[in-house]
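Below is one structure; the comments refer to it alone.
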Amino acid sequence: MIARDFTFFNLARVATAYGRYLLAKGGKRVVVGYDTRFQAQAFAEEAAEVLAGLGLKAYLLQGPHPTPMLSFAVRHLGADGGLMLTASHNPPQYLGVKLKGPYGGSALPEEVKRVEALLPEAPSEARGRAEPLEVRTAYYEHLKGLLDLEALSRFPGVLYHDAMGGAGDSHLSAFLRHAGLALEVRELHNVPHPLFYGVNPEPLPKNLKTLLAVMGPEEAPTFAVATDGDADRIAAVLPGGRFFNPHQVFAVLLRHLHAKGLSGGVVKNFAVSWIVDRLAERLGLPVKTTPVGFKWITEAFLKEDVLIGGEESGGIGVKGHLPERDGILNALLLLESVARTGKDLATQFREIEALTGLTHAYDRLDLEIPTEGLLEKLREPRPLAGLTPRGLEDLDGIKWVYEGAWVLFRPSGTEPLLRIYAEATEEEIVNALLKEAEALVRSLVP
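Numbering (our numbering), first residue to last: 3 to 448.
In structure tokens form, the structure reads like this:
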């Protein structure tokens, strides 16, 4: 939390450890970026000055930037690493650090452990000057090479973008102008706001009430996208104010990329819908399941031939870009899918359900309850919503598997929460699963 444990002193300790790690590897250059959170710029300047003081050539992005743009800057410059000041989708009172590798993606778990091992009791006192850096134009040019601009130009609807007060701000409309595309983008909450207009900057229905209301009277093919605090995650909203969740986005993007002639494996985390597995199977693509956390997906991108990798929270990476989540690119790919097929997102997803033989319903609960020792009490699956358990999986958390449904219990890795995820073939079953699962876990907490 800012000022409690996220302080200039502690950040300087982290920057010192990271700088010493890069120097020990022979590193010479590092890029620092920040999002729209309270004091993020001042914290970023401090981190950059520490890194420069250690002898590294430190570059500081000017103004708030999406995390994927920081990752792009690292690879574009041929830098040895990156440090991003952000707490992503978490509440406004938090701030954190994301470390990036030279490949333009999350630092791998073993790299983070090496940095942690170098964490000093007190930071280096040396300070240097960081060089200002601007990469927006280069980033937009890179995106142009990944998209069918002619198809995008044919999109007949309106694209809404809710940046939630985060670093996504006006990048969608700026890219379209840069590419010479006269598409209409209507922006909500695009002015950076350290309190994110009173919500957590996570694209969930409870945080998107204005966007849901605005989309009520709209008609297809118009749709909306929402990006989180640092714009590496995405969700969508359809006409009628219907939320189009990240599982659905993942499935549409998977099918779209395959239709463009791209190939490779599919990587998904433990909380992602079964419909992604079934769709990949129908398309003849291998599937790999990882623990929650995009670092595991990054590792797969670096070691394997991956077409797409993603999380239930809306962080999705695609082939040809970076081994990184990117809400801006994924929004444009959704737009491209509608323009190329002539079919709105709802129609595309109905076709996926028909192709896979599955009907998708999903939701998640976040409970502020103590989680210590709780998972051990959940190792024996129980009937819920009238369903009989068929098995247990424990790759990350505890998942109870039923016929046509599952429930996952998992402590958050970034907040003091227990998350309960549920998927089934009907919304009523999902609601019953979550209601009964919540009652159960509350009864197990002292």
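The beta carbon of each residue, even a glycine, is placed where N, CA and C say it ideally should be.
- If you draw a straight line from the Cα of residue 270 to the Cα of residue 320, it is about 12 Å long.
- DSSP places residue 274 outside both helix and strand once states are collapsed to three, so it counts as coil.
- A residue is called buried once 16 or more other Cβ atoms fall within 10 Å of its Cβ, and residue 300 is buried on that count.
- Nearest C-alpha to residue 76 among 25, 125 and 141: 141.
- Note on the region 339-427: whole beta strand (DSSP E) runs with a minimum of 3 residues are 363-369, 391-395, 400-404, 407-413 and 420-426, in chain order.
- Residue 114 sits in a helix when the DSSP states are folded into three classes.
- Excluding residues up to 5 positions away in sequence, 400 lie with their Cβ nearer than 6 Å to the Cβ of residue 377 in the same chain.
- In the three-state reduction of the DSSP assignment, residue 246 falls in the strand class, which pools E and B.
- Following the DSSP letters along the chain, one finds residue 296 in no beta strand (DSSP E) but inside the alpha helix (DSSP H) bounded by residues 296-305.
- When the beta-carbon positions are compared, residue 34 and residue 49 come within less than 8 Å of each other.
- Here residue 12 is exposed. Its C-beta has fewer than 16 other C-beta atoms within 10 Å.
- A direct Cα-Cα distance of roughly 25 Å separates residue 294 from residue 334.
- With contact defined as three or more Cβ pairs closer than 8 Å, the region 77-94 and the region 194-207 are in contact.
- Contact between the region 265-283 and the region 162-182 is absent: fewer than three C-beta pairs spanning the two stretches fall below 8 Å.
- In this chain, the alpha helix (DSSP H) harbouring residue 42 covers 42-55.
- Following the DSSP letters along the chain, one finds residue 3 in no alpha helix (DSSP H), marked with neither H nor E.
- Within its own chain, the residues whose Cβ lies closer than 8 Å to the Cβ of residue 139, once the five positions on either side in sequence are excluded, are 180, listed in chain order.
- For residue 211, the three-state secondary structure derived from DSSP is helix.
- The C-beta of residue 64 has fewer than 16 other C-beta atoms within 10 Å across all chains shown, which makes the residue exposed.
- Put simply, the backbone Cα of residue 177 is about 14 Å away from that of residue 70.
- Rounded to the nearest whole angstrom, the CA to CA distance from residue 157 to residue 32 is 39 Å.
- Looking at the DSSP output, residue 163 shares a beta bridge with 189 and 227.
- Non-local beta-carbon contacts of residue 204 in its own chain, meaning distances under 7 Å to residues more than five positions away in sequence, involve 91 and 230 in chain order.
- The region 258-266 makes no contact with the region 120-129; the number of CB pairs closer than 8 Å stays below 3.
- If you look at residue 437, you'll find it in the alpha helix (DSSP H) that goes 429-446.
- Of all C-beta pairs linking the region 334-350 to the region 406-425, fewer than three are shorter than 8 Å, placing the two stretches out of contact.
- Taken through DSSP and simplified to helix, strand or coil, residue 90 comes out as coil.
- When only Cα atoms are considered, residue 367 and residue 127 end up about 45 Å apart.
- Between residue 296 and residue 313, the C-beta spacing is below 8 Å.
- Look at the beta carbons and you see the region 213-229 touching the region 238-246: at least three pairs across the two are nearer than 8 Å.
- Taking 8 Å as the cut-off, the Cβ atoms of residue 268 and residue 255 do not count as close.
- Within the same chain, Cβ atoms closer than 6 Å to the Cβ of residue 192 are found at 165, 171 and 172, the five residues on either side in sequence being excluded.
- Contact annotation: residue 440 and residue 369 have beta-carbon atoms nearer than 8 Å.
- For residue 133, the uninterrupted beta strand (DSSP E) segment begins and ends at 133-135.
- DSSP places residue 36 in the uninterrupted beta strand (DSSP E) bounded by 31-36.
- Just so you know, the alpha carbons of residue 54 and residue 149 end up roughly 37 Å apart.
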